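Q:
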Amino acid sequence: MSKTNGKDLLGQPFLNKGTAFTLEERATLGLEGLLPTAVRTLEEQGEIVYAQLGQLTDSYSKQKHLMNIYAQNRVLFYHVIGKHVTELLPVIYTPTIAETVMNYSRDYQIPQDAVYLDVNRPEAIHSALLNGSKDMDEIKMMVITDGEGVLGIGDWGIQGIAISVGKLAVYTVASGLNPQQVLPIVIDAGTNNQELLEDPFYLGNKHKRVTGEAYYPFIETFVEEASALFPDVLFHWEDFGRDNAANILEQYRDKICTFNDDIQGTGVMMSAAMDSVVRVTDKPITEHKILVFGGGTAGVGVSDQILMEMLLQGADSEEARKQFYMVDRYGLVTDDMADLTPGQQKYARAADEFPTQLTDLAEIIDAVKPTVLIGTSGQAGAFTQAVVEKMAAYNEHPAIMPISNPTRLCEAKASDVIAWSEGRALVVTGSPSDPIAYNGVNYKIGQANNALLYPGLGFGIVIAKAKTVTDRMLSAAAHGITSLQNLEEAGAAILPPVSQLREASKLVAAAVIQAAIEDGVNGVEITDPMEAVEAAIWKAEY
């Protein structure tokens with residue numbers, strides 16, 4: 001470091017080492033007298049922060065304390081999270097992040113290196129992106145939200161930026177993506193949340209959401225400006241409303257390097273879960289009947305991804321589609337229903353397939369006899385004892401996956417599913433679940449935590465400088481996740497635990513790079529994908 005104003009240096013989170021600055025550094029960097037006398041190592045600093053967290057009693061307080069560290073000293077922040085990843089990942093992201101989003105304006109202190117784009121000022125996009133990337137390395141990853149569909153809690157407008165910040169933190173913790181090569185971005189398109197519109201503390205536009213012709217040209221301008229400024233960047237879209245999410249992905253998926261975690265990410269995680277289900281049941285994926293309870297963005301995305309996996313394994317498109325059944329608020333989705341989304345239309349059953357309109361989930365299971373039940377509805381308790389018992393009656397190992405987040409919106413508790421199925425169900429949940437003791441077996445519960453997927457996927461894409469994100473790359477990511485699992489053990493989870501995050505991310509990244517090479521979309525020559533992954537990992541070190 002060159003001669004610097006010490007106070008300025010302490011305000012730069014990528015340069016600040018706090019009490020870890022040596023006496024020599026303090027003398028040469030203008031820090032003399034600006035820090036306590038003691039010199040700490042990074043390890044000692046981390047122990048102090050962890051001890052401070054231990055004095056806090058709730059996850060939200062811990063999250064706020066950690067984000068204060070994030071704002072001051074980025075290396076220390078990632079060091080602490082990396083040391084205690086299983087414990088602290090739920091604190092910095094789901095499920096605690098929902099509370100952060102809801103309180104963002106009232107708790108706001110600093111922008112946390114985020115970029116805020118105003119839908120009413122498209123002419124400012126270029127300068128905003130330049131300002132946001134100042135003093136950063138080359139930007140290779142952006143997580144973009146407009147805050148309309150946050151984590152099952154709805155429209156939180158500009159406050160959704162907490163999602164972009166948190167998501168990128170998970171990228172770095174899990175994969176080793178360089179945090180100086182990322183931008184968290186929110187598009188403030190207004191909000192339809194009346195509570196926010198009436199809140200004097202709200203920091204976003206105080207008008208209803210901009211839509212249609214006023215919205216999509218802004219997105220187009222943003223994509224053009226960002227692509228010109230950052231040629232190798234990955235656009236990661238997060239927590240947009242259902243229609244906008246689908247439209248943006250459809251518009252740009254073949255034109256730029258882009259990924260939507262809500263549509264594709266959850267789907268790839270469930271493809272990974274299906275990979276394990278196939279191994280346990282010894283039944284090809286093409287022979288499984290999939291019942292998806294919830295016809296929103298996540299439900300359609302899950303269906304699309306599992307369908308794609310069937311097609312990659314040689315299934316006929318029409319025949320594969322017949323393996324899917326979707327349930328929305330009016331019951332089993334049929335082609336005579338009004339106002340179906342394009343995604344729902346794809347999976348709608350013929351109206352005359354069943355004698356009567358099926359609205360009750362237990363009745364639908366009786367009529368369909370699915371092998372897999374996936375919950376993306378956000379309807380707490382929807383998977384009742386009767387529902388689980390019917391799944392268990394038709395299948396030796398029913399796959400039952402209540403993956404809605406946060407925990408209070410989950411369709412069933414894992415402990416109930418295990419008990420009601422007499423220990424035979426293959427269970428995946430959306431939030432963390434403790435192991436469950438039942439009839440002498442300790443059942444580990446797989447979590448459909450996209451953190452097992454998107455960090456490795458995005459890291460692999462960035463390393464390969466992929467031009468687009470292909471179906472084969474997504475499939476490779478799914479298989480990379482489950483390659484860690486030993487399914488022969490009694491009570492084994494069908495997805496790896498968060499404690500194996502780093503290992504999973506490496507395997508996923510290497511698999512994605514290999515798939516990019518096979519599809520010819522890599523922008524740089526790579527001979528050994530795993531070697532390339534190891535070489536690219538950023539480490540939380542001074």
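Note that the UniProt record's numbering has the sequence shown beginning at 1, numbered continuously upward.
Glycine included, every Cβ here is placed at the ideal spot set by N, Cα and C.
In this text, all values refer to a predicted model and were calculated from it rather than measured experimentally.
Can you list, in chain order, the stretches of the alpha helix (DSSP H) that have 4 or more residues and sit fully within the region 286-366?
A: 297-312, 317-321, 342-347
Q: May I have the straight-line CA-CA distance separating valine 170 from threonine 96, to the nearest angstrom?
A: Against the sequence shown, residue 170 aligns to sequence position 170. Against the sequence shown, residue 96 aligns to sequence position 96. Roughly 13 Å between the two C-alpha positions.
Q: How do the region 464-482 and the region 510-523 stand: do at least 3 beta-carbon pairs fall below 8 Å, yes or no?
A: Enough Cβ pairs lie closer than 8 Å, so yes.
Q: Whose CA, out of Ile158, Tyr438, Gly294, Met269, lies closest to the CA of threonine 100?
A: Here residue 100 refers to the residue found at position 100 when the sequence shown is read from its first residue. The residue with the shortest Cα to Cα distance from threonine 100 is Ile158.
Q: Looking only at its own chain, which residues have a Cβ that is under 6 Å from the Cβ of methionine 530, when we skip the five neighbours before and after it?
A: Within the sequence shown, numbered from 1, the residue matching residue 530 stands at position 530. If we look at methionine 530 and ignore the five residues flanking it on each side, its Cβ neighbours are Ala510.
Q: Roughly how far, in whole angstroms, is the beta-carbon of alanine 272 from the beta-carbon of threonine 22, given that I think they are within contact range, below 8 Å?
A: Residue 272 sits at position 272 when you count from the first residue of the sequence shown. Residue 22 sits at position 22 when you count from the first residue of the sequence shown. Incorrect: roughly 46 Å between the Cβ atoms, too far for contact.
Q: Using the Cα positions of glycine 430 and cysteine 410, report the straight-line distance between them to the nearest angstrom.
A: Taking the first residue of the sequence shown as position 1, residue 430 is located at position 430. Taking the first residue of the sequence shown as position 1, residue 410 is located at position 410. Straight-line Cα distance between these residues: approximately 7 Å.
Q: Going by Cα to Cα distance, which pick from Pro184, Lys208, Thr527, Ser175 is closest to threonine 145?
A: Here the question's residue 145 lines up with position 145 in the sequence shown. Among Pro184, Lys208, Thr527, Ser175, the Cα nearest to that of threonine 145 is on Pro184.
Q: What did DSSP end up calling residue 543 once you bin it into helix, strand or coil?
A: Look at the range of the chain in this structure, 1 to 542, and you will see that residue 543 is not part of it.
Q: Quick check: what's the CA-CA separation for valine 441 versus alanine 490?
A: In the sequence shown, counting from the first residue as 1, residue 441 sits at position 441. In the sequence shown, counting from the first residue as 1, residue 490 sits at position 490. Between valine 441 and alanine 490, the alpha-carbon positions lie close to 7 Å from each other.
Q: Tell me whether isoleucine 418 is buried or exposed, calling it buried when 16 or more other Cβ atoms sit within 10 Å of its Cβ.
A: Along the sequence shown, read from residue 1 onward, the residue named residue 418 stands at position 418. That one is buried.
Q: Do histidine 397 and leucine 373 have their beta-carbon atoms positioned less than 8 Å apart in this structure?
A: Translated into positions along the sequence shown, residue 373 becomes position 373. Translated into positions along the sequence shown, residue 397 becomes position 397. No, they are not a contact pair.
Q: Just mark histidine 288 as buried or exposed, buried being the case when its beta carbon has 16 or more other beta carbons within 10 Å.
A: The count along the sequence shown starts at 1 and reaches residue 288 at position 288. By the 10 Å Cβ count, histidine 288 comes out buried.
Q: Counting along the chain, where does the alpha helix (DSSP H) carrying phenylalanine 77 start and finish?
A: Numbered from 1 along the sequence shown, position 77 holds the residue referred to as residue 77. Taken as a continuous stretch (DSSP letters only), the alpha helix (DSSP H) holding phenylalanine 77 covers 74-83.
Q: Counting C-beta neighbours from all protein chains within 10 Å, is the total for phenylalanine 201 16 or more, i.e. buried, or is it exposed?
A: Sequence index remark: in the sequence shown, residue 201 carries index 201 (1-based). With fewer than 16 other Cβ atoms within 10 Å, it is exposed.
Q: Leaving out five residues before and five after aspartate 471 in sequence, what residues of the same chain have Cβ atoms less than 6 Å from its Cβ?
A: For the purposes of this step, residue 471 is taken as residue 471 along the sequence shown, with counting starting at 1. Excluding positions up to five away in sequence, the list reads Met308.
Q: Report the partner residues of glycine 375 according to the DSSP bridge assignment.
A: For this step, residue 375 is matched to residue 375 along the sequence shown. According to DSSP, glycine 375 bridges with Phe293, Pro402.
Q: Looking only at its chain, what residues have a beta carbon closer than 6 Å to the beta carbon of leucine 177, apart from the 5 residues adjacent to it on each side?
A: Position 177 of the sequence shown, counted from the start, is the residue given in the question as residue 177. Correct list, in chain order: Tyr171, Phe459.
Q: Apart from the five residues on each side of it in sequence, which residues of its chain come closer than 7 Å, Cβ to Cβ, to alanine 540?
A: Indexing the sequence shown from 1 puts residue 540 at position 540. Same-chain partners within the cutoff: Val75, Tyr78, His79, Gly82.
Q: Among Ala128, Arg321, Asp58, Leu168, whose alpha-carbon lies nearest the alpha-carbon of methionine 141?
A: Locating residue 141 in the sequence shown gives position 141, where the first residue counts as 1. It is Leu168.
Q: Of the choices Ile400, Ser499, Val533, Gln500, whose alpha-carbon is the least far from that of valine 462?
A: For this step, residue 462 is matched to residue 462 along the sequence shown. Taking only the C-alpha atoms, the option nearest valine 462 is Val533.
Q: Once you ignore the five residues that flank glutamine 514 on each side, which residues in its own chain have a CB closer than 6 Å to its CB?
A: Taking the sequence shown and counting its residues from 1, one reaches residue 514 at position 514. Result list for glutamine 514: Pro529, in chain order.
Q: Please classify glutamate 238 as buried or exposed, where buried requires at least 16 other C-beta atoms within 10 Å of its C-beta.
A: Position 238 of the sequence shown, counting from 1, holds the residue named residue 238. With 16 or more Cβ atoms within 10 Å of its Cβ, glutamate 238 is classed as buried.
Q: Taking the C-alpha atoms as reference points, what is the distance between residue 545 and glutamine 180?
A: The question about residue 545 has no answer, for the chain in this structure spans 1 to 542.
Q: Check for me: the alpha helix (DSSP H) holding alanine 245 runs from which residue to which?
A: Position 245 of the sequence shown, counting from 1, holds the residue named residue 245. Per DSSP, alanine 245 belongs to the alpha helix (DSSP H) from 242-252.
Q: Which first and last residues belong to the beta strand (DSSP E) in which valine 186 is found?
A: The residue labelled residue 186 in the question sits at position 186 within the sequence shown. Looking at the DSSP string, the run of the beta strand (DSSP E) that includes valine 186 is 182-188.
Q: Out of Asp275, Arg40, Asn205, point me to the one whose CA is closest to valine 428's CA.
A: Here residue 428 is taken as the residue at index 428 of the sequence shown, counted from 1. Here the closest residue by C-alpha is Asp275.
Q: Under a three-way DSSP split, which group does methionine 274 fall into?
A: Here the question's residue 274 lines up with position 274 in the sequence shown. Three-state DSSP puts methionine 274 in a helix.
Q: Ends of the alpha helix (DSSP H) at threonine 37?
A: On the sequence shown, position 37 is the one that residue 37 refers to. Membership of threonine 37 in any alpha helix (DSSP H) is not indicated, and neither H nor E is assigned to it by DSSP.
Q: Got a sec? Which residues, its chain only, sit under 8 Å from isoleucine 69 by beta carbon, not counting five neighbours each side?
A: In the sequence shown, the residue the question calls residue 69 occupies position 69. Val49, Leu76, Phe77, Val80, listed in sequence order.
Q: Given glutamine 485, which residues of its chain have a CB within under 8 Å of its CB, disregarding the five upstream and five downstream residues?
A: Translated into positions along the sequence shown, residue 485 becomes position 485. If we look at glutamine 485 and ignore the five residues flanking it on each side, its Cβ neighbours are Ser276, Ala492, Ala493, Ile494, Leu495, Pro496.
Q: Alpha carbon to alpha carbon, how far is aspartate 118 from serine 2? Give it in angstroms, no decimals.
A: The residue labelled residue 2 in the question sits at position 2 within the sequence shown. The residue labelled residue 118 in the question sits at position 118 within the sequence shown. Reliability of the predicted coordinates at serine 2 is poor, the pLDDT of 47 falling under 50, and no value is obtained from them.
Q: Starting from the C-beta of serine 317, find all residues in its chain whose C-beta is less than 7 Å away, skip the five residues before and the five after it, and write them out in chain order.
A: In the sequence shown, counting from the first residue as 1, residue 317 sits at position 317. Within the same chain, serine 317 has close Cβ partners Leu311.
Q: Identify the continuous alpha helix (DSSP H) that holds phenylalanine 459 and give its terminal residues.
A: Position 459 of the sequence shown, counted from the first residue, corresponds to residue 459. Looking at the DSSP string, the run of the alpha helix (DSSP H) that includes phenylalanine 459 is 454-464.
Q: Decide if lysine 7 is buried, meaning its Cβ has at least 16 other Cβ atoms within 10 Å, or exposed.
A: As a working note, residue 7 is residue 7 in the sequence shown. Looking at its Cβ environment, which holds fewer than 16 other Cβ atoms inside 10 Å, lysine 7 is exposed.
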